[in-house]
Amino acid sequence: MDAHRRSFETEGKKWSRPVAYRWLRYESSDPVGRLADGVTRLRKRGGNFDAGAVDKACAEASNKGFLN
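Sequential numbering of the sequence shown, starting at 180, is according to my numbering.
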């Protein structure tokens with residue numbers, strides 16, 4: 180979320196959590212896939228990530244049955 184916010188602010192765009200959620204498509208039936216796609220797209224835009232936080236989200240999704 181922070182990387183998305185910084186990216187939008189750097190480009191002079193208005194940022195909000197709903198904008199970020201829609202952009203990352205968390206409402207998707209494949210939230211882990213959308214997270215991975217969002218991370219990739221934000222990295223291409225210069226976003227920095229806490230790899231541990233991404234790993235934690237993936238581990239929690241796996242425990243809940245979202246990963247094969």
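For every residue, glycine included, the Cβ atom is placed at its ideal position computed from N, Cα and C.
Use the C-beta contact count for G217: other C-beta atoms within 10 angstroms, 16 or more gives buried, fewer gives exposed.
buried
What whole-angstrom Cβ distance do R184 and A199 have, given they're in contact under 8 Å?
7 Å
Rounding to the nearest angstrom, what Cα-Cα distance links A230 and R196 in this structure?
21 Å
8 Å Cβ shell around V233 - same chain, five flanking residues per side excluded
L214 and V218
Simplified DSSP state of F228, which is helix, strand or coil
coil
Quick test of your reading: G212 and A182, contact by CB under 8 Å. State the CB separation rounded to the nearest angstrom.
Contact doesn't hold; Cβ gap of about 18 Å is too wide.
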